[in-house]
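Number of protein chains: 2
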Amino acid sequence: MTHFMSAWGCFGRVGAVGGHLSTAKRAWWVALVVAAMSAMSPLALAAGKAPAPARTWTLQDIAAAPQVTDLSISDDGRYALYIVRRGDLHANAKRSSLHWVDLSSGAQRPFAESAWLSGLQRIPHAAGWSLLADLGEGVQLYRVDGNGRLEPLHINRQVDYVGAGDEGTHAFGISDYGWAPDGNSYWYVARTSRRPDPRVVNPRYLPLSTRNGTGPIELRVRTGTEDVLVEQAEAGSAGFVRLEWQDQSSSLTYWTRVRKEDALEQRRWTRGVERVEVVDRQSAHHVPVRGARGPGGGVLGTMGFGTDRMLVETLPDGSKLDYGHAGFMLGDSRSSGAWLSPAGDIALVGTRYFDVPRYGLVRLARSGEMEELASAGSLTQCTVNFAFDAGVCVRQSMVSPPELVRFDPRNGQLTPVVSLAPDYVAIAPLRVVPRTWTNRAGYKASGFVVYPRHYQKGRKYPVILVTHGSDADERFVDAGFQWDYPVQAWAERGYFVLAINDPTVLDSAELRAAYAQWSAPGPLPIERVQDLIWLNGVDSFETAVDDLVGQGLVNAEQVGIAGYSRGSQMVNVVMTQSKVFRAASSGDGGYLEPSGYFSSTSSYRYVFGGSPYDPAAFANYRRLSPTFRVEMAAGPVLQQVASGSTSQFALHMALREHGVPSELVYYPNESHLFHQPQHRLLAMQENLDWFDFWLLGKEDTDPAKASQYQRWRQMRSEWHAATVGLR
Amino acid sequence: MTHFMSAWGCFGRVGAVGGHLSTAKRAWWVALVVAAMSAMSPLALAAGKAPAPARTWTLQDIAAAPQVTDLSISDDGRYALYIVRRGDLHANAKRSSLHWVDLSSGAQRPFAESAWLSGLQRIPHAAGWSLLADLGEGVQLYRVDGNGRLEPLHINRQVDYVGAGDEGTHAFGISDYGWAPDGNSYWYVARTSRRPDPRVVNPRYLPLSTRNGTGPIELRVRTGTEDVLVEQAEAGSAGFVRLEWQDQSSSLTYWTRVRKEDALEQRRWTRGVERVEVVDRQSAHHVPVRGARGPGGGVLGTMGFGTDRMLVETLPDGSKLDYGHAGFMLGDSRSSGAWLSPAGDIALVGTRYFDVPRYGLVRLARSGEMEELASAGSLTQCTVNFAFDAGVCVRQSMVSPPELVRFDPRNGQLTPVVSLAPDYVAIAPLRVVPRTWTNRAGYKASGFVVYPRHYQKGRKYPVILVTHGSDADERFVDAGFQWDYPVQAWAERGYFVLAINDPTVLDSAELRAAYAQWSAPGPLPIERVQDLIWLNGVDSFETAVDDLVGQGLVNAEQVGIAGYSRGSQMVNVVMTQSKVFRAASSGDGGYLEPSGYFSSTSSYRYVFGGSPYDPAAFANYRRLSPTFRVEMAAGPVLQQVASGSTSQFALHMALREHGVPSELVYYPNESHLFHQPQHRLLAMQENLDWFDFWLLGKEDTDPAKASQYQRWRQMRSEWHAATVGLR
């Protein structure tokens, strides 16, 4: 479970396919930049200065890039609060800041800054907001007043130290909460601390995590001064998710994991009733998606596969209201939520598009009419006021920094307000073209072609393919996708970059069946599961590269590939199946390698049919598992890793044993997504050096790197000697 | 290299065989207790009190047991200094103390106490001693004056944090040193610190060690105020060992490891010469043993195998001086050193006996006469003054706490001085009988039978075999042998304990060839190497148990086995090869398990013929590697581990997958030999609970252990269901 395939997230990561919208998108982008620059340089404009000339990308820009994590609108629709999280290179840590913005003028005021801000919520039927903040007592619950002051609302002194996949370890008193609609109650998740046990008894996974906290996680409900313990979960579990109030504040449902049975249960706490009751149950590998409510009084959902997908509302009487073709999916955790107007006649629903991978908002009327609020770029973090007469979103794309936009939910009209990352507006945008590739098996993969900065027609460039499953999409410098692969810096130094997704699980019934069979018995032969989930992607990646080679854009001798986590699976498989890629960078992965069997038995048994030491499973490992195929490796592999698993180490050592250049770089004090900006700089620089060396034969003359190049040259000589005449 | 088989120590661990000396030994023991109690209870005697009645062993006694680490005698032979290291249960750490003792009266004075004291040396041609101590500035070099004051002699402010196999991490400025015979110069090993690199590039072993220090290790020579850097070695390497001055202080030889070539080199630094020169070279798997000088002006050595071993001195003219049959080996790192009288006519040499495993001192005369200073128990830490007219040793045995004895080197006469662990003299000694067992293949294994405290003839007892290669020997509560297996507490609660060694490598030429082939090519088939190094031990262990069963001492249904490191290899092999043992405890091991291949390729290839994923090597793994044989497991296995390797985890998960009871308990903040006394208590208690449950069906009623027994009962039901009818 360490690497990539959380039971809560596996099927959330679906790919997307679709057509081209580049013209529309670029037009929108130009409008956005103009609006953003005028709105965002009040000081420069006031001083009568011309805007600074556009500049180019640096690694520092990537490591410091902003992410808007929270956005909330006032009851009267006149202003909004948002939280932005950025890498602070000087402090070598992430920092969050809370900002107030006037939605009509775009005027802003900074409210607070902290190592941790999250969970920004309007308090129902009251003035002001609440949020989770670390103001020196660990993360606790605060109220924000109109002047930006944070007043303690709930302090739990029993803080525990807890980490997350993309964060270092922080002290948490309260880690999550949610107001009941009546504004009188809130549920909250409290951490408790224990004197740490010096032992770990019967761990289920390796390497051991030291970031789980010590004491049980408690779900509690607070109403005035009354505080009720609903349930406890063990430290290190996923705790409680998808919490929903029913009937104002009389009951609360939530999902939790039943460890022993490897299942998820939905439970209901009812005020005044002592025991919680179980209301639903699912396999732990299936994430229950809540259907949004539609304007017909029913539940919204999509049906069909591939180009046949439709949006339908299942009405209370069982009949269907058809909204027509749907180029999107609902319920993706990265898209916005859903709202219904007080009269129930209009619904707003967050979407994730398949054609060009992006996030949007559609407006549905009882008539069956469906309207998109934006036809290009992404709308994320959207929210609507209680009166349903004002809304705000973050608009962004691969080339457009996040910008605040407001909209009228009744007519869907979008108006730019202000850039949320003005320092990034000054960077001259790169040329990014969305594409869909259909592979030899007929499966589609979506993605983008990033052009080198000074692209000249007729010249052939090196290319690096970057992949991480499904998040090559229209968000701005998303570390969740590009990790420590410096996409923008590669474009600046003359590389094409292919940002590409896996074929989406919603593309065919057979693909969906294969994904389901990743963690449960099913009808497909093991070979077919391997083909559909992994080799299918190799086919897509080769197709995308062939396309650029065929167009004369890239040099077929200078093709690299990079990916972390799910992307690392694909990179390792690609390098031991295909001869198209000449060098690779594989980030903090290792799933599919044999020594992972004992940490991930419940999925390996469906992928390989048993243990790597079982002769009956040998052929299945030999067919897919990269460590079993090192003698077929096409070229050098760099692994940058945080988890330090034997899977990563064994692949490295097996490659070296067979004379294949391999470099394994551990960052022992990092998270799966590196959270320390200085480490991100180091790792990005390693990637620049690695591909420059292996694809272009170029070396950085910095004397501090002498031992690096000595090592790499030595490996190159051995590799050339071993492969002479083979290529 | 993490687990068990350091290149520097592998062949140092040899076993021993021999006859019975129990009568002589027990007589000596009784004399010792009487002497020790009279010498050691001056307060009690002064107050006219009778000695307290003898008491029994507790786990606390074992966790706090003393180890005399250093002993040094004054020039005039009148007094000695010694360092004793003990577990401090209150501080949950080890503490060292330095003591002065008058050798004629036994009167003692405490001189100093610290988290770290070591390296006690007489300063040649000067008054006083020097030692390494941590007095708050990290470990540094101090001079001890006659009043017990420690004055700084050499402080290196660049401390680095470094750990060791049986210690936590300490700050070291200077980690080793040695005076030149003229007393004007000393070599020393200085640590240097660096800002830690956040990365580890291409590690050679997993799991990563965080205890290696950061900066290079420096070998330096100090003469007055002149300080010369001889050589640097990388942090985490073994650095510099076996340093010897030549020609007073004009040159210095030492061994160091050449990483790239996996070799050891002896180098010589010569005063005034800029470059060090290479003077010898050995495979990294062969530890060069320095031959002691004999009274004939030649070099001492033993020849032959088994009962044919002889002590001979090779004289300068090549002829041999024969001292007769030698029941011992020379050069064992646990035995005392060697001294030659100023006239060169008498040599004193530290020995390690094969018959009853113990350490001694023999006195050799030019006439070819050889005399043992003690015929039972061990003499360790022996040292002689420069004038060669006075010497001191620590005398101890499995049942006798360390006692200081003095002797006259000219006639070999031993005189008890004082007990060095008076609180342990109060414990009523257990009955311990040395034995040698000859297995079905004719190989001998030495060891001891520890009787249950209130043994009654005719009653049958449960038995636990404890093994760790070669150190079941006559030392008192040696944690290096018994680890967290509470040998004494088992005897107190009615268990027999078999403390047993592997057949010794010096027992036959074929066994020595097999050991050599563990790390280098050789003539034996792989099966024969497996048989001799591992299955031979299984045979010996079965023989020893059969012997006790045959004598009617133990119940064949209640036989357990425990061992750590090398012992863990044997335990895991035994449990998947033999049906004699019904429950096991396996400590911080994992060598022989398949995922260790990539950390220990250079030895696995000789044991298994290749990678565990290579079908050609499958039969060899299946023949020996416990993870490949879990379905043949004879019973429950507890693993208590500090290193957290995938080898340990995979064996645990594979056993569970096949329904075999298995418990894996990590102590993430421990060293290979646990150094925190509270953790040792916990681990020992787990071992008591584990064998009581699986061998006797007994449970501790402590409610805090409810979940432990629930888990074990569940595993027992599954196991009984799975094995019904099989046993």
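Chains A and B supply the protein sequences, listed in that same order. Mapping the first sequence onto numbering that gives the first Met the number 0, position 242 (from 1) lands on 241, and the numbers just tick up by one. Mapping the second sequence onto numbering that gives the first Met the number 0, position 383 (from 1) lands on 382, and the numbers just tick up by one. Beta carbons are placed, not taken as given, at the ideal position from N, Cα and C, and that holds for glycine. As the structure is a prediction and not an experimental result, all values here were calculated from the model.
As computed with DSSP, Pro-415(B) is found in a beta bridge with Val-404(B). A residue is called buried once 16 or more other Cβ atoms fall within 10 Å of its Cβ, and Val-723(B), having fewer, is exposed. Ranked by Cα distance from Trp-533(B), the options Val-553(B), Gly-566(B) and Ser-507(B) are led by Gly-566(B).
By the 16-neighbour rule on beta-carbons within 10 angstroms, Met-714(A) is buried. Within the segment 639-667 of chain B, the residues whose Cβ lies closer than 8 Å to any Cβ of chain A are, in chain order, Gly-643, Ser-644, Thr-645, Phe-648, Ala-649, His-651, Met-652, Ala-653, Glu-656, Glu-662, Leu-663, Val-664, Tyr-665, Tyr-666 and Pro-667. Annotation for Asp-546(A): Trp-436 place their beta carbon closer than 7 Å to its own, counting only its chain and skipping 5 residues before and after. Any Cβ of chain A closer than 9 Å to the Cβ of Arg-198(B) would place that residue at the interface, and such an atom is present. Under the three-state reduction of DSSP output, Pro-151(A) falls in the strand class. Interface flag for Pro-415(B) against chain A is unset, since no Cβ pair is found closer than 9 Å.
In the DSSP secondary-structure assignment, Thr-269(A) is bridged to Ser-250(A).
Note that the segment 665-674 of chain A does not touch the segment 614-629 of chain A; fewer than 3 beta-carbon pairs, one per stretch, sit closer than 8 Å.
Of all alpha-carbon atoms in Tyr-708(B), Arg-679(B), Pro-667(B) and Gly-696(B), the one lying nearest the alpha-carbon of Leu-207(A) is that of Pro-667(B).
The alpha carbon of Phe-580(A) has as its nearest neighbour, out of Ser-602(A), Ser-564(A), Phe-171(A) and Ala-555(A), the alpha carbon of Ala-555(A).
The C-alpha of Gly-696(A) is placed about 30 Å away from the C-alpha of Ala-63(A). Following the DSSP letters along the chain, one finds Thr-645(A) inside the alpha helix (DSSP H) bounded by residues 645-656. Shown here for Tyr-494(B): same chain residues with a beta carbon closer than 8 Å to its own, the five before and five after excluded, namely Pro-451, Tyr-460, Pro-461, Val-462, Ile-463 and Phe-690 in chain order. Ranked by Cα distance from Ala-444(A), the options Ser-507(A), Pro-421(A), Ala-515(A) and Val-391(A) are led by Ser-507(A). Burial state of Glu-473(A) is buried, judged by a 10 Å Cβ sphere holding 16 or more other Cβ atoms.
DSSP places Ile-216(A) in the strand class (E or B) of the three-state scheme. According to DSSP, residue pairing for Val-361(B) in a beta bridge involves Val-348(B) and Glu-371(B). Assigned with DSSP and collapsed to three states, His-671(A) falls in coil, not helix or strand. Ranked by how close their Cα comes to the Cα of Arg-190(A), the residues Pro-197(A), Leu-218(A) and Glu-368(A) have Leu-218(A) in first place. Ser-469(A) and Gly-457(A) have their C-alpha atoms spaced approximately 31 Å apart. At least one CB of chain A lies nearer than 9 Å to the CB of His-678(B). Residues of the segment 614-635 of chain A with a C-beta atom less than 9 Å from some C-beta of chain B are Pro-614, Phe-617, Tyr-620, Arg-621, Ser-624, Thr-626 and Phe-627, listed in chain order. Interface criterion met: the Cβ of Ser-598(B) is under 9 Å from a Cβ in chain A. Listed by position along chain A, the residues whose Cβ is nearer than 7 Å to that of Leu-672(B) form an empty set, because the closest Cβ is around 15 Å away. Contact of Asn-201(A) with chain B is assigned, a C-beta pair being separated by under 9 Å.
Using a Cβ-Cβ cut-off of 9 Å, Pro-593(A) is close to Pro-593, Ser-594, Pro-611 and Tyr-612 of chain B, given in chain order. For the 9 Å CB-CB criterion, His-153(A) and Ile-122(A) do not form a contact.
At a cut-off of 9 Å between beta-carbon atoms, Pro-206(A) makes contact with chain B. If you look at Ala-478(B), you'll find it in the alpha helix (DSSP H) that goes 478-481. DSSP, reduced to helix, strand and coil, places Glu-233(B) outside both helices and strands of the structure shown, so it counts as coil. With 16 or more neighbouring CB atoms inside 10 Å of its own CB, Asp-69(A) falls in the buried class.
One thing to note: Pro-180(A) has its Cβ no nearer than 9 Å to the Cβ of Gln-139(A). Between Arg-679(B) and Gly-86(B), the CB-CB gap stays under 9 Å.
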